[in-house]
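Student: Shown below is the structure under consideration.
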Amino acid sequence: MNILLTGGTGYIGSHTAVVLAEAGHRVVLYDNLCNSDVGVVQRLGQIMGSPPALVQGDMRDGALLAQTLRVHAVGAVIHFAGLKAVGESLVQPLAYYDNNVVGTLRLLQAMQETGVRTLVFSSSATVYGEPRYLPIDEAHPTGATNPYGRSKLHIEQMLADLAASDGGWKIACLRYFNPVGAHESGLIGEDPRGVPNNLMPYVAQVAIGRRQRLSVFGDDYPTPDGTGVRDYIHVMDLALGHLAALDYLGALSGWHAFNLGTGQGHSVLEMVRAFEAVSGRPVPYQVVSRRPGDVASCYASADKAHQLLGWQARRSLTEMCLSSWRWQQNCENTPS
Ligand code: NAD
Ligand code: UFG
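Following this line, the structure appears as structure tokens:
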């Protein structure tokens, strides 16, 4: 099948492109490159044998989206494109609603116009807000705590309304927990612009010497070592979850939500130690005050994805750190 990946040159989209190509699909990437580099396409070509098609365009350009869906005879869309920095969303909420919500609306209109009605959407564990119980299953109440999270929630609701209005739509919302790691080749991975917001890229940059030390945001949480606990999932396992969701939608219509996580929580200090062990480099840190909006612990129940999609995360914490370290070393040698 021909599959359009919006945000396809980004971190998760590029890894999913590899998995889909390996499964025999033809991928077309659609991206405005606001948070990724065009060099990803050539590096994907090294992994996949030939570079995928890239359409450089914005999600809010409905005409270009419709044209792309037609020209490439697209059968399904995986929608990764979006802005994703929680802090930035508090400062620029309208940019987040415009890019994420309006961008998705334009995509849905273009899909409706061209008769493409299979969609996998990149949602987030952030739609659960403050965890009321752990592990978080899909029945957990939703309620986001910042504009980024609310943009995801609005989109999920829009997708549910659309599926309810017309039984031809097949929609899966995949609620990612904390994606980390990189493709085993070390050719693609996550290389955030500026200061990383997320733990793993920060740790990797400290290990390589690009940054002096990690700030650990609080060690007084009610967790085993006092630092925050999250469900880190290898990006290649996450990518495989998209393939499983597409297969599932082949047989079923309607709107479906799935958690993609490992079901295991790891603390910040556990992550630091695991990274030090695989890299052989020290990761100096200092404990600072809590980051506003952070919760103590957040991890998934991934039972629904296991039961209905036949999908399970398999890669270990060591593999997450090793692949991330390999990518960080390559990144340092060949900056994009
Ligand atoms: P990313 O920034 O690496 O990739 C997103 C891509 O979308 C980028 O290449 C960017 O250039 C593109 N893009 C953004 N706005 C666009 C627009 N208006 N038009 C066209 N292209 C546009 O992010 P990622 O980590 O790969 O995340 C992919 C998706 O997964 C996002 O929707 C994000 O919210 C979601 N998600 C990510 C995480 C995470 O921790 N990485 C967690 C949960 C959910
Ligand atoms: N942390 C630090 N120092 C850092 C960065 C993070 O101590 O420099 C800690 C955080 O306090 C937290 C843990 O590391 O305890 C993980 O933080 P991340 O920023 O990597 O991830 P979050 O769980 O806070 O957020 C991520 C995505 C959000 C998404 C959320 C839920 O970044 O977009 O998961 O899916 F909403």
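Mapping of the sequence shown onto the numbering used here: residues 6 to 341, in sequence order. For glycine and all other residues, C-beta sits at the position ideal for the given N, C-alpha and C. Note that the coordinates shown come from a computational prediction; the quantities given were computed from them, not determined experimentally.
1) Rank V45, N264, F85 and H20 by C-alpha distance to the C-alpha of T131 and give the top, closest one.
2) Report yes if the CB atom of M241 is closer than 8 Å to the CB atom of H30, and no otherwise.
3) Measure the C-alpha to C-alpha separation of G214 and V96 and round it to an integer number of angstroms.
4) Is the Cβ-Cβ distance between V293 and V221 less than 8 Å?
5) Give the secondary structure of L323 by DSSP, where H, G and I count as helix, E and B as strand, and everything else as coil.
6) Could you tell me if L254 is buried or exposed, where buried requires 16 or more neighbouring beta carbons within 10 angstroms of its beta carbon?
7) Could you tell me which uninterrupted alpha helix (DSSP H) segments, each at least 4 residues in length, are contained entirely in the stretch 164–218, listed from first to last along the chain?
8) When burial is assigned at 16 or more other CB atoms within 10 Å of the CB, is C39 buried or exposed?
9) Would I8 pass as a contact of A58 if the rule is Cβ separation under 8 Å?
10) For T109, does the three-state DSSP call read helix, strand or coil?
11) Please report how far the alpha carbon of S341 lies from the alpha carbon of V45, in whole angstroms.
12) Just how far apart, CA to CA, sit R75 and E275?
13) Measuring only the C-alpha atoms, how far is Y226 from S272?
14) According to DSSP, is S284 helix, strand or coil?
15) Would you tell me roughly how many angstroms separate the C-alpha atoms of E281 and Q210, rounded to the nearest one?
16) Compare the Cα-Cα distances from L251 to each of S128, L314, S306 and R235 and report the closest residue.
17) For Q51, report the span of its alpha helix (DSSP H) as first-last.
18) Which of the three DSSP states is assigned to L10 in this structure?
19) So what's Q291 in DSSP terms, helix, strand or just coil?
Tutor: Short version:
1) Between T131 and the set V45, N264, F85 and H20, the nearest pair of CA atoms involves N264.
2) For the pair M241 and H30, the CB atoms are not nearer than the 8 Å cut-off.
3) The alpha-carbon separation between G214 and V96 amounts to approximately 30 Å.
4) The answer is yes: Cβ separation under 8 Å.
5) In the sequence under discussion, the amino acid at residue 323 is Thr, which differs from the Leu named in the question. T323 falls in the helix class under three-state DSSP.
6) Classification for L254: buried.
7) Fully enclosed alpha helix (DSSP H) runs of no fewer than 4 residues occupy 204–213 of the stretch 164–218, in order along the chain.
8) By the neighbour-count criterion, in which 16 or more other beta carbons inside 10 Å mark a residue as buried, C39 falls on the exposed side.
9) Not closer than 8 Å, so no.
10) In the three-state reduction of the DSSP assignment, T109 falls in the helix class.
11) Only weak support is given to the placement of S341: the predicted model assigns it a pLDDT of 44, under 50, and the value that follows is read from those uncertain coordinates. If you take the alpha carbons of S341 and V45, they lie about 9 Å apart.
12) Roughly 48 Å separates the two Cα atoms.
13) Pairing Y226 with S272, the inter-Cα distance amounts to about 10 Å.
14) When secondary structure is reduced to three states using DSSP, S284 falls in the helix class.
15) The alpha-carbon atoms of E281 and Q210 are separated by roughly 12 Å.
16) Of S128, L314, S306 and R235, the residue nearest in Cα terms is L314.
17) G44 to M53 is the span of the alpha helix (DSSP H), which, as asked, contains Q51.
18) Secondary structure of L10 (DSSP, three-state): strand.
19) Looking at Q291 - three-state DSSP - the assignment turns out to be strand.
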